[in-house]
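The structure under discussion appears below in the form of structure tokens.
Residue numbers (the working numbering), protein chains in the order written: chain A, 1223 to 1409; chain B, 544 to 1127.
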């Protein structure tokens, strides 16, 4: 259970998904797609996942090369190895998709996510929240006498852990960016 | 040298640059500037259909019978949405189609304007790719890209949405040669190590089979030639999907007939018992595989396909080869010959003896009747009276489609046009129009059922207007025959809404359209009626009143493997279990 109280894998929302949700050997993969930054490209990618009943655990998209009109879409998805292979092949079929990288199998990768957490409280709880934020290297980017907004960067697991700690201390709201990922090494 | 012209003129110029000679379309408000340009030229022939769905199926018939892309021109809103079924049909059957749809002017997009629809949004999942062009300067290049994408790699439909102000505005024309198409270039050459491995498997195989599909047809006539050479040289049996009929000649001695749910007994048994399956341009569709976990359990499987997503999608294969069929077969033949043209002769001899025993079952035999025309008999007579002629056959969808696939023999590729993947009733009549436009002097026959035929019957008007002598061969059982068959087998003979009570008089209908019709119900008169249809110099509707309760056999019941075929009525009792009933 994450801070959002969403069970792992329950994001399969397609009405056409009739596969066994508890199939053996489900894996989580992080895929990076380099795409033309053109109208509708994100809809094509998302439509593929919705239409064919694949999971999206996390999705991040932004332009990475203004002159070259390229964007990077980072998708964290879960499925059996055969489904993951099929997802990559289907992504590769989309005309404005130039490259599909499976960062989970192409060697080690750095994965980071940014989250903003609003925590409200007073007295000991407020002090404890600030102390824990320091341990997690989260910054207070907004504060009132009753609340903080913390900014934290890290792996999704680190953000999950921080959110779990903040919940009894007055967690009100959380905004997460989804995962951005890059392979390690010189290439 | 740059050329300035209006967007509407660019459309016509780009089509000419692409070598387009025919456009199937229907005008409307947002498309008027393009239609004005069509009016002022004579290089491109415009075929006015009666419904936009007819336009796109006609373009499919044109494309499948020529190997060239089919082109459709429609207006915004309903004009575009009426092409959706055809787009999906072309996507599932991998048919190159370019649809030019008009759109409301850019400044009105998003205002719910008259005849506005989010066409690129609606057609995104049913095209290979689509574009909304917002600048006239980009229009010509986009059209060239659309043709490139539609015809390269695994073919498919593309759509370009062109707002009316973009059609009116001036811009710079980009020639076909200058258009940037470089980034979409799927590889066509197969991996030579994998091809060598396949050659080695072929040398040892005791019970090999070629399982061919529409990819052989799409790869061009050369691919069919290479397939014939490969089969002739190895002596391996060959079967085909519905989409691949004609790639290998039906008269060839290695031909086992179509496989699949209504395929031939010998083809399905050979698929089930083979030790080496060589899939060439087919995609393990569920109509082919039957029950997945019991599909061809003893075989090693090789799969040649240009689309990487077809590999391991349904059936796990041992040896995938990604590439264009013609390229891969050429390499395969070269490598196999260089290694000494070896096959396992002893194994093959036994294998063919087994196949001949399955053939002896004569799975297509049926009970003849002297008072009522059996639908299978009608197709047999059609085959007998037309074979050897330059003949193009289209079909609608249902029992008649399967009987046509079983009882007609196809000797060449691109002569058989049927809606395989999507199963679109109403496909056959407009497709016959498109095929006849492409081949004005050939015999074009639409083998139809009464229910399917009514779905796009308005296109008889197109056939009459453009003097297209299409032959409509309707097997009329006053039923939705395939639906009725499934209700009989699966739903306790409760025939819910699967019969037609108020059918039109097809002979009077033909007269009303300005062509000729005839009705026939006596088996003794059938040949004469078919001959009259063939001899008539114009469109003809032959209403063949057939046995109303005939079922299509052989049949692999839902949820069963290939070796559990039903061969006739006697074997149907309790054949489909509850787990099979949930499947389509």
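Cβ atoms here follow ideal geometry from the backbone N, Cα and C, with glycine treated the same way.
Tell me, which residues are paired with residue i by DSSP?
{"i": "residue 1335 of chain A", "result": "A:1376"}
{"i": "residue 1058 of chain B", "result": "DSSP, once it has assigned bridges, lists no residue as partnering residue 1058 of chain B."}
{"i": "residue 825 of chain B", "result": "Paired residues: none, contrary to the question."}
{"i": "residue 1321 of chain A", "result": "A:1256"}
{"i": "residue 820 of chain B", "result": "B:752 and B:844"}
{"i": "residue 645 of chain B", "result": "B:705"}
{"i": "residue 547 of chain B", "result": "B:715"}
{"i": "residue 935 of chain B", "result": "B:987"}
{"i": "residue 1294 of chain A", "result": "A:1256 and A:1284"}
{"i": "residue 1065 of chain B", "result": "BP columns for residue 1065 of chain B are empty, so no partner."}
Run the CB neighbour count on residue i, radius 10 Å, all protein chains shown included, and call it buried at 16 or more, exposed below.
{"i": "residue 1273 of chain A", "result": "exposed"}
{"i": "residue 1367 of chain A", "result": "exposed"}
{"i": "residue 535 of chain B", "result": "Chain B is shown only over 544 to 1127; residue 535 of chain B falls outside these bounds and no answer can be derived."}
{"i": "residue 619 of chain B", "result": "buried"}
{"i": "residue 1286 of chain A", "result": "exposed"}
{"i": "residue 961 of chain B", "result": "buried"}
{"i": "residue 1303 of chain A", "result": "exposed"}
{"i": "residue 908 of chain B", "result": "exposed"}
{"i": "residue 1329 of chain A", "result": "exposed"}
{"i": "residue 913 of chain B", "result": "exposed"}
{"i": "residue 770 of chain B", "result": "buried"}
{"i": "residue 993 of chain B", "result": "buried"}
{"i": "residue 1398 of chain A", "result": "buried"}
{"i": "residue 880 of chain B", "result": "exposed"}
I think residue i touches residue j, with their Cβ atoms under 8 angstroms apart; what is that distance to the nearest whole Å?
{"i": "residue 735 of chain B", "j": "residue 874 of chain B", "result": "6 angstroms"}
{"i": "residue 592 of chain B", "j": "residue 973 of chain B", "result": "7 angstroms"}
{"i": "residue 1090 of chain B", "j": "residue 916 of chain B", "result": "7 angstroms"}
{"i": "residue 918 of chain B", "j": "residue 942 of chain B", "result": "7 angstroms"}
{"i": "residue 1086 of chain B", "j": "residue 1060 of chain B", "result": "7 angstroms"}
{"i": "residue 1253 of chain A", "j": "residue 1312 of chain A", "result": "Actually they are not in contact, since the Cβ atoms of residue 1253 of chain A and residue 1312 of chain A sit about 11 angstroms apart, beyond 8 angstroms."}
{"i": "residue 727 of chain B", "j": "residue 695 of chain B", "result": "6 angstroms"}
Is there a Cβ of chain B sitting closer than 7 angstroms to that of residue i, yes or no?
{"i": "residue 1317 of chain A", "result": "yes"}
{"i": "residue 1272 of chain A", "result": "no"}
{"i": "residue 1311 of chain A", "result": "yes"}
{"i": "residue 1269 of chain A", "result": "yes"}
Does DSSP put residue i in a helix, a strand or coil?
{"i": "residue 854 of chain B", "result": "coil"}
{"i": "residue 1361 of chain A", "result": "strand"}
{"i": "residue 917 of chain B", "result": "coil"}
{"i": "residue 927 of chain B", "result": "helix"}
{"i": "residue 657 of chain B", "result": "coil"}
{"i": "residue 803 of chain B", "result": "coil"}
{"i": "residue 1001 of chain B", "result": "helix"}
{"i": "residue 1348 of chain A", "result": "helix"}
{"i": "residue 811 of chain B", "result": "helix"}
{"i": "residue 1288 of chain A", "result": "coil"}
{"i": "residue 955 of chain B", "result": "coil"}
{"i": "residue 1401 of chain A", "result": "coil"}
{"i": "residue 967 of chain B", "result": "coil"}
{"i": "residue 860 of chain B", "result": "coil"}
{"i": "residue 1299 of chain A", "result": "strand"}
{"i": "residue 1080 of chain B", "result": "coil"}
{"i": "residue 1099 of chain B", "result": "coil"}
{"i": "residue 613 of chain B", "result": "strand"}
{"i": "residue 992 of chain B", "result": "strand"}
{"i": "residue 567 of chain B", "result": "strand"}
{"i": "residue 1250 of chain A", "result": "strand"}
Is the shortest distance between the beta-carbon of residue i and the beta-carbons of chain A less than 7 angstroms?
{"i": "residue 727 of chain B", "result": "yes"}
{"i": "residue 687 of chain B", "result": "no"}
{"i": "residue 852 of chain B", "result": "yes"}
{"i": "residue 826 of chain B", "result": "no"}
{"i": "residue 834 of chain B", "result": "no"}
{"i": "residue 1091 of chain B", "result": "no"}
{"i": "residue 973 of chain B", "result": "no"}
{"i": "residue 983 of chain B", "result": "no"}
{"i": "residue 815 of chain B", "result": "no"}
{"i": "residue 844 of chain B", "result": "no"}
{"i": "residue 732 of chain B", "result": "no"}
{"i": "residue 672 of chain B", "result": "yes"}
{"i": "residue 498 of chain B", "result": "Residue 498 of chain B lies beyond the residue range present for chain B, which begins at 544 and ends at 1127; the question has no answer from this structure."}
{"i": "residue 667 of chain B", "result": "yes"}
{"i": "residue 681 of chain B", "result": "no"}
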